[in-house]
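Trainee:
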Amino acid sequence: MPKVLVSDPIDQAGIDILSQVAQVDVNTGLSAEQLVGIIADYDALMIRSGTQVTKEIIEAGNSLKIIGRAGVGVDNVDVPAATRKGIVVVNSPEGNTIAAAEHALAMMLSMSRHIPEANASVKAGKWERNRFIGVEVYKKTLGIVGLGKIGSHLAAAAKAMGMKLLAYDPFISTERADQLGCRLVELELLMRESDYITLHIPKTPETLHLINAEVLSKMKPTARIINCARGGIIDEAALAEAIKEGKIAGAAIDVYEHEPLEADSPLRTVGQNIVLTPHLGASTAEAQVNVAIDVAEQIRDVLLGLPARSAVNIPGIFPDSIEKLKPYLQLAETLGNLVSQLAGGRVDYLNVQLQGELATNQGQPVVVAALKGLLSQALRERVNYVNASIEAKERGIRVVETRDASIRDYTGSLHLSAKGTLGEHTVTGAVLGESEIRITSVDDFPVNVSPTHHMLFTLHRDMPGIIGKIGSQLGSFNVNIASMQVGRKIVRGDAVMVLSLDDPLPEGILAEILKVPGIRDAYTVNL
Ligand SMILES: NC(=O)C1=CN([C@@H]2O[C@H](COP(=O)(O)OP(=O)(O)OC[C@H]3O[C@@H](n4cnc5c(N)ncnc54)[C@H](O)[C@@H]3O)[C@@H](O)[C@H]2O)C=CC1
Ligand SMILES: O=C(O)CCC(=O)C(=O)O
Numbered sequence: 000m001p002k003v004l005v006s007d008p009i010d011q012a013g014i015d016i017l018s019q020v021a022q023v024d025v026n027t028g029l030s031a032e033q034l035v036g037i038i039a040d041y042d043a044l045m046i047r048s049g050t051q052v053t054k055e056i057i058e059a060g061n062s063l064k065i066i067g068r069a070g071v072g073v074d075n076v077d078v079p080a081a082t083r084k085g086i087v088v089v090n091s092p093e094g095n096t097i098a099a100a101e102h103a104l105a106m107m108l109s110m111s112r113h114i115p116e117a118n119a120s121v122k123a124g125k126w127e128r129n130r131f132i133g134v135e136v137y138k139k140t141l142g143i144v145g146l147g148k149i150g151s152h153l154a155a156a157a158k159a160m161g162m163k164l165l166a167y168d169p170f171i172s173t174e175r176a177d178q179l180g181c182r183l184v185e186l187e188l189l190m191r192e193s194d195y196i197t198l199h200i201p202k203t204p205e206t207l208h209l210i211n212a213e214v215l216s217k218m219k220p221t222a223r224i225i226n227c228a229r230g231g232i233i234d235e236a237a238l239a240e241a242i243k244e245g246k247i248a249g250a251a252i253d254v255y256e257h258e259p260l261e262a263d264s265p266l267r268t269v270g271q272n273i274v275l276t277p278h279l280g281a282s283t284a285e286a287q288v289n290v291a292i293d294v295a296e297q298i299r300d301v302l303l304g305l306p307a308r309s310a311v312n313i314p315g316i317f318p319d320s321i322e323k324l325k326p327y328l329q330l331a332e333t334l335g336n337l338v339s340q341l342a343g344g345r346v347d348y349l350n351v352q353l354q355g356e357l358a359t360n361q362g363q364p365v366v367v368a369a370l371k372g373l374l375s376q377a378l379r380e381r382v383n384y385v386n387a388s389i390e391a392k393e394r395g396i397r398v399v400e401t402r403d404a405s406i407r408d409y410t411g412s413l414h415l416s417a418k419g420t421l422g423e424h425t426v427t428g429a430v431l432g433e434s435e436i437r438i439t440s441v442d443d444f445p446v447n448v449s450p451t452h453h454m455l456f457t458l459h460r461d462m463p464g465i466i467g468k469i470g471s472q473l474g475s476f477n478v479n480i481a482s483m484q485v486g487r488k489i490v491r492g493d494a495v496m497v498l499s500l501d502d503p504l505p506e507g508i509l510a511e512i513l514k515v516p517g518i519r520d521a522y523t524v525n526l
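When we follow numbering that gives the first Met the number 0, the leftmost residue of the sequence shown carries the number 0, and every step to the right adds one.
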């Protein structure tokens, strides 16, 4: 019988499901070393946010087939390490949406009406009615950062309470924001105009300390901020200082850069203008049953050899023919990611054309893979083969699939065009041999390059000296070029340059490149 380790408190409904197919050991509060010591005995690991599933634990888990996160964020799992080891990571993308949105709402209201301090005061025997004059949220402006599942639910509730809504989400269409009654704006404007700001974004390298001292300084002195998303999105020291110095009116925080919150955290000494809860966003009876059942069912299915419905790292829904399609899925994902970065974040249209032999195949998985790539900048590991189409639909992205079997430049190729904030861009790619992926055109200029982690694309006039100038610009920023190729249709006309780089492009370099005479556009891409 397979063995499942449950290392965080999980609702009994989940344990009951797992027990149908496995021996279940509930062992919470283990240290990382203890987990490394015992994990080799287990086929599955089920966690909440308390367990950090590190590379060392994954490497020691020689029998592990699946890690189930009973919740949304998988930032406490080293997903790349699990993927490399062939371990499926699953989550529950929607099981606690309502709970988290309601917690943010509760935080906003309790902060506005001083509920925690008033409660403590009455329990201490006092009756201080004049000390606790609050403010109403009615007709106030709520700025929602991240208009995904939780942000959208909160928008509906806040609208019903008579609040005006602003939203910042570079990956959501204006139409979707309009539907939710939100005015889509840039972060700076949201920070300036909102009376309440609430964060509902994932923690990624881009969102780490997104709300720093400078961003906090844009807030009105009467404004308040709520973080029920992830610790580390707000710079905690800067937040504590902003409240202590009266630069902002208050904050309500559920999640912390280090959990449990350290004894000497500056947030603990802010005083009465801050409400702190110990990562309770998902802690409702309903949400805990939802996520436990959702994830336990997926663990049970995978242990029975069936696909998982919310795998964050590998496709879970395709039949056996997946082996044949695999290189094309990889191609589609890469091209989707590439075209989303060329077109700018807010893509509202994607055309996927299946060419050659691919046009005669099952197309849907390839389109889904392209969408997964397209949305990966916004949703990271939360977008998977199962939810990519729904996520795209919710973001108002129009998806069109076309086929042209007569295009035979390669056995099978894929042409993607997307329209976003930076205009319409196209990319084509093919699979060479068994599995070698190539980008074969960019904006209809022919090239033949392998995708790499860091790339630079330019649109320029084909004229003497331009390649050298770009080379020296990159050199002056200490960026090493691994390969370079120019694609053009006519001599001395327009051309694209594709550079594969060994290093990420530092900030500011694009502005310098755009100053080079003849360069029309330049894009950095990270694949
Ligand atoms: N406190 C708690 O107990 C809980 C916390 N969470 C956290 O809440 C967060 C949101 O969850 P969901 O709404 O389910 O996720 P979601 O994936 O549905 O929505 C996230 C949204 O953030 C947007 N986004 C991504 N990067 C962005 C950026 N740099 N700037 C602005 N927007 C950006 C995406 O376009 C997306 O619309 C996650 O971090 C999740 O882990 C979720 C449940 C419970
Ligand atoms: O497991 C929990 O209680 C935390 C939930 C959470 O943060 C999430 O689902 O992302």
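Beta carbons: idealized from backbone N, C-alpha and C, even for Gly.
For ligand 1, is there any heavy atom lying closer than 7 Å to the beta carbon of T206?
Mentor: Within the cutoff, so yes.
Trainee: Are at least three pairs of beta-carbons, each pair with one atom in the segment 259–272 and one in the segment 64–76, less than 8 Å apart?
Mentor: No: the two stretches stay apart, fewer than three of their Cβ pairs being nearer than 8 Å.
Trainee: How would you call P204, buried or exposed, if buried means at least 16 neighbouring beta carbons within 10 angstroms?
Mentor: It is exposed - the Cβ of P204 has fewer than 16 other Cβ atoms within 10 Å.
Trainee: Please check the pair D42 and L17, which I expect to be a contact at CB under 8 Å, by giving their CB distance rounded to whole angstroms.
Mentor: The Cβ separation is near 11 Å, so there is no contact.
Trainee: Tell me where the beta strand (DSSP E) around N118 begins and ends.
Mentor: Per DSSP, N118 belongs to no beta strand (DSSP E); it is in the alpha helix (DSSP H), I114 to K122.
Trainee: For ligand 2, I want to know if V311 counts as a neighbour, meaning its beta carbon is within less than 7 Å of at least one of the ligand's heavy atoms.
Mentor: No, the beta carbon of V311 sits no closer than 7 Å to any heavy atom of ligand 2.
Trainee: Quick check on M462: buried or exposed, where buried means 16 or more other Cβ atoms within 10 Å of its Cβ?
Mentor: When all chains shown are included, M462 counts as exposed.
Trainee: Does the beta-carbon of D40 have 16 or more other beta-carbons within 10 angstroms, so that it is buried, or is it exposed?
Mentor: Burial call: exposed.
Trainee: For K158, I'd like the list of residues in its chain whose CB is within less than 7 Å of its CB, leaving aside the five on either flank, ordered along the chain.
Mentor: So the list reads L164 and G180, once near-sequence residues are dropped.
Trainee: To which residues does DSSP link R402 through a beta bridge?
Mentor: Note: R402 sits in a beta bridge opposite L353.
Trainee: Check whether the segment 406–418 and the segment 352–369 touch, using three or more Cβ-Cβ pairs below 8 Å as the test.
Mentor: In short, these stretches touch, since the Cβ pair count reaches three.
Trainee: Which one of I224, I200 and M110 has the shortest CA to CA distance from G147?
Mentor: Nearest option by C-alpha distance: I200.
Trainee: Taking all protein chains shown into account, do 16 or more other C-beta atoms lie within 10 angstroms of the C-beta of Q33, making it buried, or fewer, making it exposed?
Mentor: It is exposed - the Cβ of Q33 has fewer than 16 other Cβ atoms within 10 Å.
Trainee: With a threshold of 7 Å, establish whether the CB of A331 neighbours any heavy atom of ligand 1.
Mentor: A331: no, Cβ never under 7 Å from ligand 1.
Trainee: In the DSSP output, what is D502 paired with across the bridge?
Mentor: DSSP output for D502 lists no bridge partner at all.
Trainee: Below 8 Å on the Cβ atoms is my contact criterion, and I expect V398 with L349 to pass it. Report the Cβ-Cβ distance as a whole number of Å.
Mentor: With 8 Å as the limit, V398 and L349 qualify as a contact, their Cβ atoms being about 5 Å apart.
Trainee: Roughly how many angstroms separate the alpha carbons of N61 and A80, rounded to a whole number?
Mentor: Cα to Cα, N61 sits roughly 13 Å from A80.
Trainee: Grab the span of the beta strand (DSSP E) containing D177 for me, first residue to last.
Mentor: Note, D177: premise wrong, no beta strand (DSSP E); alpha helix (DSSP H) at T173 to Q178.
Trainee: Ligand 2 and V71: does any heavy atom of the ligand fall closer than 7 Å to the residue's C-beta?
Mentor: Indeed, a heavy atom of ligand 2 lies less than 7 Å from the Cβ.
Trainee: Flag this pair as yes or no: are the beta carbons of V87 and I65 separated by less than 8 Å?
Mentor: Their beta carbons are under 8 Å apart, which means V87 touches I65 by this criterion.
Trainee: Out of A369, Y255 and A222, state which residue places its alpha-carbon closest to the alpha-carbon of D234.
Mentor: Looking at the Cα atoms, Y255 is the closest of the given residues.
Trainee: Helix, strand or coil, according to DSSP, for H452 in the structure here?
Mentor: Of the three classes helix, strand and coil, the one that applies to H452 here is coil, per DSSP.
Trainee: Is A284 near ligand 1 - that is, is its Cβ less than 7 Å away from at least one heavy atom of it?
Mentor: Result no, Cβ not under 7 Å from ligand 1.
Trainee: Under 7 Å from any heavy atom of ligand 1, does the C-beta of C227 make it?
Mentor: C227: yes, Cβ under 7 Å from ligand 1.
Trainee: Taking 6 Å as the limit between beta carbons, can you name the residues of its chain near G315, skipping five residues before and five after?
Mentor: In this prediction, G315 scores a pLDDT of 46, lower than 50, which makes its location untrustworthy; the coordinate-derived value is nonetheless stated afterwards. Cβ within range, chain order: P306 and A307.
Trainee: Enumerated in chain order, which unbroken segments of the beta strand (DSSP E) with a length of 3 residues or greater are wholly contained in the segment 234–277?
Mentor: Segments of the beta strand (DSSP E) lying fully in the segment 234–277: 249–252 and 273–275.
Trainee: Give me the residue from E400, E213, S339 and L500 with the minimum Cα distance to I480.
Mentor: Ranking E400, E213, S339 and L500 by Cα distance to I480 puts L500 first.
Trainee: Just to confirm, does T420 get its C-beta within under 7 Å of one of the non-hydrogen atoms of ligand 1?
Mentor: Not so, every heavy atom of ligand 1 lies at least 7 Å from the Cβ.
Trainee: If the criterion is Cβ atoms closer than 8 Å, does the pair A59 and I38 meet it?
Mentor: Going by C-beta atoms, A59 is nearer than 8 Å to I38.
Trainee: With DSSP as the reference, label P8 as helix, strand or coil.
Mentor: It is coil, neither helix nor strand.
Trainee: Note down the Cα distance separating M107 from I56, rounded to an integer number of angstroms.
Mentor: Roughly 38 Å between the two C-alpha positions.
Trainee: Expressed to the nearest angstrom, what Euclidean distance is found between the alpha-carbon atoms of V426 and G372?
Mentor: If you take the alpha carbons of V426 and G372, they lie about 13 Å apart.
Trainee: Please report the straight-line C-alpha distance between V495 and Q376, rounded to a whole angstrom.
Mentor: Cα-Cα distance, rounded: 23 Å.
Trainee: Thinking just about the alpha-carbon of each residue, which of T420, L370 and N26 is nearest to the one in E400?
Mentor: The shortest Cα separation from E400 among T420, L370 and N26 belongs to L370.
Trainee: Report the option in S151, A123 and M160 whose CA atom is closest to the CA atom of K138.
Mentor: It is M160 whose Cα lies nearest to the Cα of K138.
Trainee: Indicate whether at least one CB of chain B lies closer than 8 Å to the CB of A176.
Mentor: The structure shown has no chain B; it contains just one protein chain.
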